[in-house]
Amino acid sequence: MMESNYGDSTRTQAAEALVTLSADRQRLARRVQVPWALMAGFGALGAWWVGSAWSTNPGAGYEPPQTGWIALLGVLVVCHLVQREMGLRFRSLGARANLAIAGIVVSCLALFSISLGLASLQLQWAVIMTSLTAFALTTWLAGIACRSAVENLGRD
């Protein structure tokens, strides 16, 4: 039978090391800066998609713009760049980040619908306002999602 040479002092040291590592992780999470250029990339893609309603002809023969797929591809590219720069895994973002992402989707869909309404009224020039709103909202909410994801990593 083998006896353990490790006593309570080793357990205490291990617990102290875990506390120290957890504190280091939280400190690192607080120091991480949101890459606003990449968040603006998300904003630009949202604005581009919302603005694509400008060139449509809503009505009985409406066909959605084909640029939606290109915007989705752009979102995937920016997600890859964010993951590469920050090391975030999108599977473990946290509830607040997921809520911000849902806010991006809902707000862009609403703004796209408003843009379609403006285009149907022959007010294509007003789509600029919905596109700028999409840019601002998407950039801001993407920053919230990014910051929340980093804070979530600090807590894990």
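Quick note on the numbering used here: the sequence shown kicks off at 159 and runs consecutively. Each residue gets a CB set at the ideal place from its N, CA and C atoms; glycine is no exception. Every value quoted in this text rests on a predicted model; they were computed, and no experiment measured them.
State the Cα-Cα distance for the pair G209 and S273, rounded to the nearest angstrom.
7 Å
Mapping DSSP to helix, strand and coil, what is T168?
helix
Just confirm the distance between the C-beta atoms of G301 and V190, as a whole number of angstroms; I'd bet it's less than 8 Å.
Rounded, the Cβ-Cβ distance is 12 Å, inconsistent with contact.
Which stretch, first to last residue, makes up the alpha helix (DSSP H) that contains S213?
Note, S213: premise wrong, no alpha helix (DSSP H); not H, not E.
Measure the beta-carbon distance from A202 to F293 and round it to whole angstroms, keeping in mind my assumption that it falls under 8 Å.
6 Å
Three or more beta-carbon pairs under 8 Å between the region 295-309 and the region 261-269, yes or no?
Yes: at least three Cβ pairs fall under 8 Å.
For V240, which option in A307, L279 and T170 has the closest C-alpha, if you only look at C-alpha atoms?
A307
Output the distance between the C-alpha atoms of C315 and R242, rounded to the nearest integer angstrom.
There is simply no residue 315 to check, as the chain begins at 159 and stops at 314 in what is shown.
Flag this pair as yes or no: are the beta carbons of G226 and W207 separated by less than 8 Å?
yes
Just to confirm the assignment, what range does the alpha helix (DSSP H) spanning W194 have?
W194 to G209
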